[in-house]
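First the structure, in the form of structure tokens, and then the observations on it.
Chains as they are written, first to last, in the numbering used here: chain A, 183 to 401; chain B, 527 to 643.
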């Protein structure tokens, strides 16, 4: 979707503010939502791509107003409600409805460290033919899907060169909407800065973007 | 994970314009500025300006490569070895390396030892 999250190349966002003595979490609730996100994800009612999309659908004005972890709260609430793990009323009241089921959590404290260390890999060891070779010139598709995509708006329709083939990965555009993993090759594609931004960019500079097979077309 | 090397002629910078993709397993959770709209929006279009805000002015002839982490690959910058450190051991060199230099918003200098940021 052409959301505000896809902000590469936008102007007017202000200066970068550094905090030299930044704590890991600024407020206790941030650590709590970080942990809750993992614990709720362990139910496997959604996947990482769906989780990312849940934050992208926050309306733009809200998205920009919220802090990073406020977006996590908003996204997680949507996922919980949509998947039926809890109702909005239960989340707002903090109390389970009288008819709701009680069960053992999908993630218990003794399993938490192993889950964090192992992660959930998005690579797939399946044989899928690569449509492009290293060194090949390609064009990024000019497409504007309303759902989740990682194809940057700033690169659509632009010409680049395959720099390396990373192997086979789950396709976020379908996976985020539970339409299948559609595993395919991911490449690092080099785009000249002038191809992306015009004469204001330096001739030698470039942007390398991870691109799924379906985002590219041959010349 | 993909490691990209900074040299006297090439400077690499890592960004996730979409959100916060970052080598958490190695560098920990990303700092607020990495997840902020100013960094995410500007590093792809004006990397030299962004670096200037971090106090790093690159020479005209240096090639800048920005890595926009849009997939599940994670990028880490191997900083350029600072001048005058030829005599230093691997361990002593390691102590000079900062988080910011591994994201690409800073260089390593022979005098940054002990600076955790």
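Using N, Cα and C, we set each Cβ at its ideal position, and we do this for glycine too. Keep in mind the model is a prediction, meaning the values are calculated, not measured.
Straight-line Cα distance separating residue 394/A from residue 552/B: Taking the straight line from one Cα to the other gives about 25 Å.
Roughly how many whole angstroms lie between the Cα atoms of residue 272/A and residue 187/A? If you take the alpha carbons of residue 272/A and residue 187/A, they lie about 29 Å apart.
Please list the terminal residues of the continuous beta strand (DSSP E) segment that includes residue 341/A. Run containing residue 341/A: 341-351, per the beta strand (DSSP E) assignment.
Would residue 291/A and residue 330/A qualify as a contact pair, given that the criterion is a beta-carbon distance under 8 Å? No, these two residues do not count as a Cβ contact at 8 Å.
Checking the sheet assignment: what are the DSSP bridge partners for residue 539/B? For residue 539/B, which the question treats as bridged, DSSP gives the partners 592/B.
Rounded to the nearest angstrom, how far is the Cβ of residue 312/A from that of residue 322/A, given a contact under 8 Å? The pair is not a contact, with the Cβ atoms about 17 Å apart (cut-off 8 Å).
Between 634/B, 600/B, 618/B and 608/B, which has its C-alpha nearest residue 530/B's C-alpha? Nearest of 634/B, 600/B, 618/B and 608/B to residue 530/B, Cα basis: 600/B.
Are there 16 or more other CB atoms within 10 angstroms of the CB of residue 285/A, so buried, or fewer, so exposed? Flag for residue 285/A reads exposed.
Residue 561/B versus chain A: which residues are under 7 Å apart at the beta carbon? Correct list: 250.
Drop a sphere of 10 angstroms on the beta-carbon of residue 179/A, count the other beta-carbons inside from all chains shown, and report buried for 16 or more, exposed for fewer. In the structure as shown, chain A starts at 183 and stops at 401, and residue 179/A therefore has no counterpart that could be examined.
Mark residue 319/A as exposed unless 16 or more other C-beta atoms lie within 10 angstroms of its C-beta, in which case mark it buried. Counting Cβ neighbours within 10 Å, residue 319/A comes out exposed, since fewer than 16 surround it.
Tell me which residue opens and which closes the beta strand (DSSP E) that residue 399/A is part of. Residues 398-400.
Close beta carbons around residue 254/A, own chain, < 8 Å, minus the five adjacent residues each side: Excluding positions up to five away in sequence, the list reads 215, 216, 219 and 237.
Counting only Cβ-Cβ distances shorter than 9 Å, please list the residues of the stretch 584-606 of chain B near chain A, keeping chain order. For the stretch 584-606 of chain B, which is checked against every Cβ of chain A, the residues closer than 9 Å are 586, 587, 588, 589, 590, 591, 592, 593, 594, 595, 596, 597, 598, 599 and 601.
Among 527/B, 528/B and 534/B, the one whose alpha carbon lies nearest that of residue 609/B: Considering only 527/B, 528/B and 534/B, the residue with the shortest C-alpha distance to residue 609/B is 534/B.
According to DSSP, which residues form a beta bridge with residue 367/A? Beta-bridge partners assigned by DSSP to residue 367/A: 350/A.
What number of angstroms, rounded off, separates the C-alpha of residue 586/B from the C-alpha of residue 377/A? Taking the straight line from one Cα to the other gives about 19 Å.
Burial state of residue 231/A, where buried means 16 or more other Cβ atoms lie within 10 Å: Around the beta carbon of residue 231/A, 16 or more other beta carbons sit within 10 angstroms, so the residue counts as buried.
Taking the C-alpha atoms as reference points, what is the distance between residue 375/A and residue 268/A? Looking at the two C-alpha atoms, the distance is approximately 47 Å.
With DSSP run on the structure shown, which of helix, strand or coil describes residue 259/A? Assignment of residue 259/A by DSSP, reduced to helix, strand and coil, places it in the helix class.
Going by DSSP in three states, residue 208/A sits in which element: helix, strand or coil? Judged by DSSP in its simplified three-state form, residue 208/A adopts coil rather than helix or strand.
Residue burial classification, residue 538/B (beta-carbon count within 10 angstroms, cutoff 16): Looking at its Cβ environment, which holds 16 or more other Cβ atoms inside 10 Å, residue 538/B is buried.
Which residue's Cα is closest to the Cα of residue 339/A: 209/A, 258/A, 304/A and 400/A? Checking every option, the nearest Cα to that of residue 339/A belongs to 400/A.
Excluding the 5 residues flanking residue 184/A on each side, which residues of the same chain have their C-beta closer than 7 Å to its C-beta? Closer than 7 Å at the Cβ level, and outside the excluded window around residue 184/A, lie 326 and 335.
Taking 8 Å as the threshold (beta carbon to beta carbon), is residue 622/B in contact with chain A? Using beta-carbon distances, residue 622/B does not count as an interface residue toward chain A, since no partner is under 8 Å.
Bridge partners of residue 296/A, per DSSP? As computed with DSSP, residue 296/A is found in no beta bridge at all.
Who are the Cβ neighbours of residue 245/A in its own chain at under 7 Å, not counting the five residues just before and after it? Only 186, 187 and 253 meet the Cβ criterion.
What are the boundary residues of the alpha helix (DSSP H) that residue 272/A is part of? 270-275 is the span of the alpha helix (DSSP H), which, as asked, contains residue 272/A.
Let me check understanding here. Comparing Cα to Cα, which of 566/B, 627/B, 631/B and 582/B lies closest to residue 596/B? The residue with the shortest Cα to Cα distance from residue 596/B is 566/B.
Chain B beta carbons: is any one of them nearer than 8 Å to that of residue 388/A? Yes, residue 388/A lies at the interface with chain B (some Cβ there is under 8 Å from its Cβ).
Residue from 607/B, 628/B and 626/B whose Cα sits closest to the Cα of residue 618/B: Checked all of 607/B, 628/B and 626/B; the closest Cα to residue 618/B is 607/B.
Can you name the residues of chain A whose CB is closer than 8 Å to the CB of residue 508/B? Here chain B has residues from 527 to 643 only, and residue 508/B is not among them.
Where does the unbroken alpha helix (DSSP H) through residue 617/B begin, and where does it stop? Unbroken alpha helix (DSSP H) run through residue 617/B: 616-622.
Could you tell me if residue 196/A is buried or exposed, where buried requires 16 or more neighbouring beta carbons within 10 angstroms of its beta carbon? Exposed, by the Cβ-count rule.
What distance in whole Å lies between the Cβ atoms of residue 592/B and residue 389/A, which are believed to be in contact at a cut-off of 8 Å? Their Cβ separation, rounded to whole angstroms, is 5 Å, which keeps residue 389/A and residue 592/B in contact under 8 Å.
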